[in-house]
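Heads up: the structure comes next, in structure tokens.
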Amino acid sequence: MKEQIDFGSHNISFELKYSNRKTLGIKVQPDASVIVTAPIETSMAKIKSAVRKKAMWILNQKSHFLSMDTITNDIIIKSGYSIHYLGRQYKIIVETDNKNEVSYKGNLFQISVQKKENAQHIFESWFKDRAIKKIIEIAQPIIKNFTVFHPVPVDIFFQEMPTRWGSCTIKNKLIINPKLIQTPKRCIEYVIMHELCHTIHKHHNKNFFNLLTLMMPDWEKRKNKLDSYH
Numbered sequence: 406m407k408e409q410i411d412f413g414s415h416n417i418s419f420e421l422k423y424s425n426r427k428t429l430g431i432k433v434q435p436d437a438s439v440i441v442t443a444p445i446e447t448s449m450a451k452i453k454s455a456v457r458k459k460a461m462w463i464l465n466q467k468s469h470f471l472s473m474d475t476i477t478n479d480i481i482i483k484s485g486y487s488i489h490y491l492g493r494q495y496k497i498i499v500e501t502d503n504k505n506e507v508s509y510k511g512n513l514f515q516i517s518v519q520k521k522e523n524a525q526h527i528f529e530s531w532f533k534d535r536a537i538k539k540i541i542e543i544a545q546p547i548i549k550n551f552t553v554f555h556p557v558p559v560d561i562f563f564q565e566m567p568t569r570w571g572s573c574t575i576k577n578k579l580i581i582n583p584k585l586i587q588t589p590k591r592c593i594e595y596v597i598m599h600e601l602c603h604t605i606h607k608h609h610n611k612n613f614f615n616l617l618t619l620m621m622p623d624w625e626k627r628k629n630k631l632d633s634y635h
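Letter by letter, the sequence shown follows residues 406 to 635 in the working numbering.
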């Protein structure tokens, strides 16, 4: 059931669920949606009052989740176009050849193809493979350092996501968007550490941010840089 409250100039909508639990719970999902679970027969007035009391926390949580978003537009592969790789901008050059391969030097990505109409597929395949290898390389020392203090099972999985750089499942499965490779190394390190901290604390609460600050004191600067790549 959908409900909402007004808080200052903000309107907070939430999905209301009833259960046999004894206390009322409020959760902000990674997609910024809000779920309220209340004991059966709890009055609507009491539920809305509880949501209003937590309104500032809810808005902060929503803001944080949204700030981790990214718009992942399709890459257009044509001569003269450009793409970011590790924060640097590379110009794309497509030329016909008797082989299909991608190479780069300086600030150029050179795509050699037998047929130019295949350039998009060939480059995207190469770029994704390159991204996975490079992100794993960047992540390995961070994971090694993290697991010295917090020995949790961590493997990296890759999946293109329309609105997120990364996520951590309830079973501590770390999922990274390979398009993160377009951002600087420091930003990649931040996303990896952010998701690692979620293996210990699932929610963006005080304990989570204390751990993140302990493991990466300059995370806010890194996050601000990452935000510029939205």
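The C-beta atom is built at its ideal place from N, Cα and C for all residues, glycine as well. Please read these numbers as outputs of a predicted model, since none were measured by experiment.
query = Under the three-state reduction of DSSP, which class applies to residue 591: helix, strand or coil?
reply = The residue given as residue 591 occupies position 186 in the sequence shown. Residue 591 falls in the helix class under three-state DSSP.
task = Ignore the nearest five residues each way along the sequence and tell me which others in residue 452's own chain have a CB closer than 6 Å to its CB.
result = Against the sequence shown, residue 452 aligns to sequence position 47. Only 443 meet the Cβ criterion.
query = Taking the alpha helix (DSSP H) that residue 517 falls in, what are its first and last residues?
reply = Within the sequence shown, the letter at position 112 stands for residue 517. Element bounds for residue 517: not the alpha helix (DSSP H) but the beta strand (DSSP E), 513–518.
query = Does DSSP put residue 623 in a helix, a strand or coil?
reply = Looking up residue 623 in the sequence shown gives position 218. Note: residue 623 maps to coil in three-state DSSP.
message = Quick check on this structure: which residue in 591, 585, 604 and 588 has the alpha carbon closest to the alpha carbon of residue 579?
response = Position 174 of the sequence shown, counted from the first residue, corresponds to residue 579. The shortest Cα separation from residue 579 among 591, 585, 604 and 588 belongs to 604.
ask   = Counting only beta-carbon atoms, is residue 620 nearer than 9 Å to chain C?
value = Looking at the structure shown, chain C is missing, and only one protein chain is on hand.
inquiry  = Ignoring anything shorter than 3 residues, give me the beta strand (DSSP E) runs that lie fully in the stretch 514–585, in order along the chain.
reply    = 561–563, 571–573 and 579–581
request  = Tell me, please, which residues DSSP counts as bridged to residue 418.
outcome  = Indexing the sequence shown from 1 puts residue 418 at position 13. BP columns for residue 418 point to 409.
query = Are the beta-carbon atoms of residue 484 and residue 497 separated by less than 9 Å?
reply = Taking the sequence shown and counting its residues from 1, the one referred to as residue 484 is at position 79. Taking the sequence shown and counting its residues from 1, the one referred to as residue 497 is at position 92. Yes, Cβ-Cβ distance for residue 484 and residue 497 is below 9 Å.
inquiry  = Quick check on this structure: which residue in 424, 590 and 482 has the alpha carbon closest to the alpha carbon of residue 628?
reply    = What you label residue 628 is simply residue 223 of the sequence shown in a count that begins at 1. For the residues 424, 590 and 482, the minimum Cα distance to residue 628 belongs to 590.
ask   = From this set, 618, 457 and 601, which residue's C-alpha is nearest residue 548's C-alpha?
value = The residue given as residue 548 occupies position 143 in the sequence shown. If we check each option's Cα against that of residue 548, 601 comes out closest.
query = Leaving out the 5 sequence neighbours to the left and right, which residues in its chain are closer than 7 Å to residue 616 when beta-carbon positions are compared?
reply = For the purposes of this step, residue 616 is identified with residue 211 of the sequence shown, where counting begins at 1. Closer than 7 Å at Cβ, skipping near neighbours: 602, 605 and 606.
ask   = Under a three-way DSSP split, which group does residue 600 fall into?
value = Mapped onto the sequence shown, residue 600 falls at position 195. Helix, per DSSP.
task = Could you tell me the distance, in whole angstroms, from the CA atom of residue 434 to the CA atom of residue 521?
result = By one-based count along the sequence shown, residue 434 stands at place 29. By one-based count along the sequence shown, residue 521 stands at place 116. C-alpha separation (whole angstroms): 43 Å.
key: Neighbourhood of residue 573 by C-beta, 7 Å cutoff - its chain only, sequence neighbours within 5 removed   = Reading the sequence shown from its first residue, position 168 is the one you call residue 573. Excluding positions up to five away in sequence, the list reads 579, 600, 603 and 604.
query = So, is residue 546 buried or exposed, given that buried needs 16 or more other C-beta atoms within 10 angstroms?
reply = Here residue 546 is taken as the residue at index 141 of the sequence shown, counted from 1. The residue is exposed, with fewer than 16 neighbouring Cβ atoms inside 10 Å.
inquiry  = If I follow the unbroken beta strand (DSSP E) through residue 452, where does it start and stop?
reply    = Within the sequence shown, residue 452 is the residue found at index 47, counting from 1. Run containing residue 452: none in the beta strand (DSSP E); it sits in the alpha helix (DSSP H), 449–458.
task = Could you check how far apart the C-beta atoms of residue 490 and residue 586 are, in whole angstroms? I think they sit under 8 Å.
result = Stepping through the sequence shown from its first residue, residue 490 is reached at position 85. Stepping through the sequence shown from its first residue, residue 586 is reached at position 181. The pair is a contact, with the Cβ atoms about 6 Å apart (cut-off 8 Å).
inquiry  = Could you compute how far the alpha carbon of residue 494 sits from the alpha carbon of residue 576?
reply    = One-based indexing of the sequence shown puts residue 494 at position 89. One-based indexing of the sequence shown puts residue 576 at position 171. The alpha-carbon atoms of residue 494 and residue 576 are separated by roughly 36 Å.
ask   = First and last residue of the beta strand (DSSP E) that includes residue 506?
value = As a first step, residue 506 must be located in the sequence shown, where it is residue number 101. It spans 506–510 - the beta strand (DSSP E) in which residue 506 sits, taken as one unbroken run.
ask   = Bridge partners of residue 496, per DSSP?
value = Your numbering for residue 496 matches position 91 in the sequence shown. Partner(s): 487 and 513.
query = Can you check whether the CB of residue 429 is closer than 9 Å to the CB of residue 455?
reply = By 1-based counting over the sequence shown, the position of residue 455 is 50. By 1-based counting over the sequence shown, the position of residue 429 is 24. For residue 455 and residue 429, yes; Cβs fall inside 9 Å.
Sequence-distant residues of the same chain with beta carbon closer than 8 Å to residue 566, five excluded per side = As a position in the sequence shown, residue 566 is number 161, starting the count at 1. Answer for residue 566: 477, 572, 580 and 582, listed in chain order.
key: Assigned exposure category for residue 431 - 16 Cβ within 10 Å defines buried   = Here residue 431 refers to the residue found at position 26 when the sequence shown is read from its first residue. Residue 431 comes out buried.
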